[in-house]
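Presented below is the structure to which this report refers.
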Amino acid sequence: MDNITQQAEELEVIKAIFGDQWKYNKTTNSFSIQITKNVELWLTLPSEYPSSVPPSEFANIYEMDKGEPVIYQWIEKFKDIVLNDYVSEDCRDDVSYTNEEDNVQSVSSNNIECKSNTKLKITHGSIITDRKSTFQGHVCEISSSQDVSDFLNILLENRKIAQATHNILAYRVKCDKTTLQDSNDDGESHAGGRLLHLLQILELQNVAVVVSRWYGGIHLGPDRFKHINNAARIALTDAGFIK
Numbered sequence: 001m002d003n004i005t006q007q008a009e010e011l012e013v014i015k016a017i018f019g020d021q022w023k024y025n026k027t028t029n030s031f032s033i034q035i036t037k038n039v040e041l042w043l044t045l046p047s048e049y050p051s052s053v054p055p056s057e058f059a060n061i062y063e064m065d066k067g068e069p070v071i072y073q074w075i076e077k078f079k080d081i082v083l084n085d086y087v088s089e090d091c092r093d094d095v096s097y098t099n100e101e102d103n104v105q106s107v108s109s110n111n112i113e114c115k116s117n118t119k120l121k122i123t124h125g126s127i128i129t130d131r132k133s134t135f136q137g138h139v140c141e142i143s144s145s146q147d148v149s150d151f152l153n154i155l156l157e158n159r160k161i162a163q164a165t166h167n168i169l170a171y172r173v174k175c176d177k178t179t180l181q182d183s184n185d186d187g188e189s190h191a192g193g194r195l196l197h198l199l200q201i202l203e204l205q206n207v208a209v210v211v212s213r214w215y216g217g218i219h220l221g222p223d224r225f226k227h228i229n230n231a232a233r234i235a236l237t238d239a240g241f242i243k
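Take the sequence shown: its position 146, counting from 1, is numbered 146 in the numbering used here, and each next residue is one higher.
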């Protein structure tokens with residue numbers, strides 16, 4: 001596949017994940033995304049990307065996926081640097097990331113009372129809170145579509161998860177020579193498809209992810225999709241799917 005085609009496909013996926021946050025400037029032929037209220041990332045793609053010509057920064061990420069699309073990985077790495085290292089507390093968005101053991105509203109493996117006997121191992125990520133809405137990702141390694149149903153049923157045995165406003169699902173599982181994949185918005189339009197795009201761009205298989213959202217009464221607009229994807233990414237990282 002040539003570079004221009006790969007760029008077009010990657011940009012389509014990035015747009016699906018970040019929505020209105022991902023902007024295109026015709027004058028400069030560049031792309032941008034707002035990381036925080038005070039930090040904006042700009043990208044310009046040379047014709048040689050992604051087969052060659054990595055940027056001067058983030059070369060390590062490029063080397064790990066040499067010749068493959070890496071814009072999503074760069075954005076996430078840049079966000080980690082900005083939010084964790086260089087942005088002072090008073091400059092950060094009004095968004096909190098909380099370890100599940102420190103927050104009574106989160107769900108951990110220890111407080112899920114599963115009525116089902118199952119071999120499935122479920123990982124619950126840290127929660128994200130923004131303007132009274134709460135998001136938490138749940139991840140499970142799967143080997144069949146039946147595992148997806150079992151995974152969802154186990155989650156819904158927990159009263160708090162069952163009472164979430166939305167439990168958004170996406171999964172991919174390798175079956176013989178094909179990959180089965182699907183998603184469910186659970187009432188949050190387009191959210192399931194964006195979760196599935198996330199799994200696709202990360203090239204993950206044999207995994208199911210559910211993001212629970214408890215609506216806090218304040219509309220978040222496009223930010224909700226950012227938090228849904230970030231909650232999924234946190235859980236996928238905690239479960240070892242993202243290294």
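Backbone N, C-alpha and C define an ideal beta-carbon position, used for all residues, glycine too.
Helix, strand or coil at residue i [DSSP, three-state]
{"i": "Lys174", "result": "strand"}
{"i": "Leu236", "result": "helix"}
{"i": "Gly19", "result": "helix"}
{"i": "Asp223", "result": "helix"}
{"i": "Thr28", "result": "coil"}
{"i": "Ile218", "result": "coil"}
{"i": "Ile14", "result": "helix"}
{"i": "Glu48", "result": "coil"}
{"i": "Glu89", "result": "Caution is warranted here: a pLDDT of 42 is assigned to Glu89, below 50, making its placement in the model unreliable, and the coordinate value is therefore given only provisionally. If DSSP states are grouped into helix, strand and coil, Glu89 belongs with the helices."}
{"i": "Ile242", "result": "coil"}
{"i": "Ser106", "result": "Any reading at Ser106 is ruled out, since the residue's pLDDT is 49, under 50, leaving its predicted position unreliable."}
Rounded separation between residue i and residue j - CA only
{"i": "Leu196", "j": "Thr27", "result": "32 Å"}
{"i": "Asn29", "j": "Ile154", "result": "48 Å"}
{"i": "Phe133", "j": "Met1", "result": "The sequence shown places Ser at residue 133, not Phe. C-alpha separation (whole angstroms): 42 Å."}
{"i": "Lys23", "j": "Phe31", "result": "6 Å"}
{"i": "Trp42", "j": "Ile75", "result": "10 Å"}
{"i": "Phe241", "j": "Leu204", "result": "7 Å"}
{"i": "Leu169", "j": "Glu10", "result": "22 Å"}
{"i": "Ile236", "j": "Pro46", "result": "Inspection of the sequence shows that residue 236 is occupied by Leu rather than by Ile. Rounded to the nearest angstrom, the two C-alpha atoms are 31 Å apart."}
{"i": "Arg172", "j": "Gly19", "result": "22 Å"}
{"i": "Leu152", "j": "Val13", "result": "26 Å"}
{"i": "Asn3", "j": "Lys119", "result": "43 Å"}
{"i": "Leu156", "j": "Gln34", "result": "35 Å"}
{"i": "Asp223", "j": "Thr129", "result": "11 Å"}
{"i": "Gly137", "j": "Glu40", "result": "26 Å"}
{"i": "Val207", "j": "His124", "result": "14 Å"}
{"i": "Ala162", "j": "Thr44", "result": "43 Å"}
{"i": "Glu100", "j": "Arg233", "result": "Confidence at Glu100 is low in this model, with a pLDDT of 39, below 50, so the placement of that residue should be treated as unreliable; the coordinate-derived value is given next. One C-alpha to the other measures close to 15 Å."}
Residues bridged to residue i (per DSSP)
{"i": "Ser149", "result": "Per DSSP, none; premise fails for Ser149."}
{"i": "Gln34", "result": "Glu40"}
{"i": "Leu169", "result": "Asn184 and Val210"}
Endpoints, the beta strand (DSSP E) within which residue i is located
{"i": "Lys23", "result": "Trp22 to Asn25"}
{"i": "Ile127", "result": "Ile122 to Asp130"}
{"i": "Thr134", "result": "Ser133 to Glu141"}
Endpoints, the alpha helix (DSSP H) within which residue i is located
{"i": "Ala162", "result": "Arg159 to Ala162"}
Checklist entry - Quick one: complete alpha helix (DSSP H) runs, 4+ long, within the stretch 177-213? => result 191-201
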